[in-house]
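Going by numbering that gives the first Met the number 0, the sequence shown opens with residue 0, and the numbers climb by one from there.
The beta carbon of each residue, even a glycine, is placed where N, CA and C say it ideally should be.
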Amino acid sequence: MRTRRTWVPAQGGDWNQDDFVVNYEAAISAYPTANRMPVIVGEWGVPNSRTPGNAALVAAQVDAMERFASGWALFYFCASDGGGYCAMGADRQAAPGNEPAYGPYARAIAGTPNAEHFDAATGQYSATYTAAAGRSEIWVPSSVYVPLPTCRSPEARRTTTRRSRHWASRRSPDRR
Numbered sequence: 000m001r002t003r004r005t006w007v008p009a010q011g012g013d014w015n016q017d018d019f020v021v022n023y024e025a026a027i028s029a030y031p032t033a034n035r036m037p038v039i040v041g042e043w044g045v046p047n048s049r050t051p052g053n054a055a056l057v058a059a060q061v062d063a064m065e066r067f068a069s070g071w072a073l074f075y076f077c078a079s080d081g082g083g084y085c086a087m088g089a090d091r092q093a094a095p096g097n098e099p100a101y102g103p104y105a106r107a108i109a110g111t112p113n114a115e116h117f118d119a120a121t122g123q124y125s126a127t128y129t130a131a132a133g134r135s136e137i138w139v140p141s142s143v144y145v146p147l148p149t150c151r152s153p154e155a156r157r158t159t160t161r162r163s164r165h166w167a168s169r170r171s172p173d174r175r
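See the structure below:
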């Protein structure tokens, strides 16, 4: 299946919310699902996340990749005060419209991952896994969470750095 993107020049190259994301997900998912293979999306992004249609496209792409990809990278990790491809604004925080791409994620899981979900609209993040011995880490961007969220795991300890926060947990397999 061939996918297409539609840009509306009169709106400054804004996405017109056609069926691109739905078609892309359908086209990219069948083979790896049938063959139990992971999918990593090398780089993706929009020309300017600050327009309403492109902000919706970022949110739709993040939602889709949560369903079919085991990893992905947003391109043009630079800062700009005038828009364009840069993922960050001049303040080095998520550029307007790119916030869904700055959600928390599991950097390391000690065990077998079951599910992970971030709802950019509510800020709700969850990760579930079958625990094994070792360390699990969840990265939480400071640009999304101010003040810090709470962690419901009694074994977790919180670590704070200037740019991000993460929780680390050491858990043995017998303490599930």
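#### Entry: Straight-line gap, Ala177 to Trp14 (C-alpha atoms, nearest Å)
With the chain running from 0 to 175 in the structure shown, residue 177 is simply not present.
### Message
Let me confirm a value: Gln91 is counted as buried when at least 16 other C-beta atoms fall within 10 Å, else exposed. Which label applies?
### Response
As written in the sequence, residue 91 is Arg, which differs from the Gln given in the question. That one is exposed.
### Query
Which partner residues does Val40 have in the DSSP bridge list?
Trp71
### Query
Beta carbon of Val38, beta carbon of Phe19: below 8 Å?
no
### Task
Confirm, please, whether the CB-CB distance from Ala58 to Pro99 is below 8 Å.
Taking a C-beta distance under 8 Å as the contact criterion, Pro99 and Ala58 qualify as a contact pair.
### Query
On the three-state DSSP scale, how would you describe Gln92?
coil
### Message
Along the chain, where does the beta strand (DSSP E) containing Asn223 start, and where does it finish?
### Response
The requested residue 223 is not part of the displayed model; the chain covers only 0 to 175.
### Through-space distance from Asn97 to Ser48, alpha-carbon basis
Cα to Cα, the separation comes out at about 6 Å.
### Query
What do you reckon, are the CB atoms on Ala126 and Ile137 nearer than 8 Å?
yes
### Query
Can the beta-carbon of Met102 be found closer than 8 Å to that of Phe117?
In the sequence under discussion, the amino acid at residue 102 is Gly, which differs from the Met named in the question. In this structure, Phe117 lies closer than 8 Å to Gly102 by Cβ.
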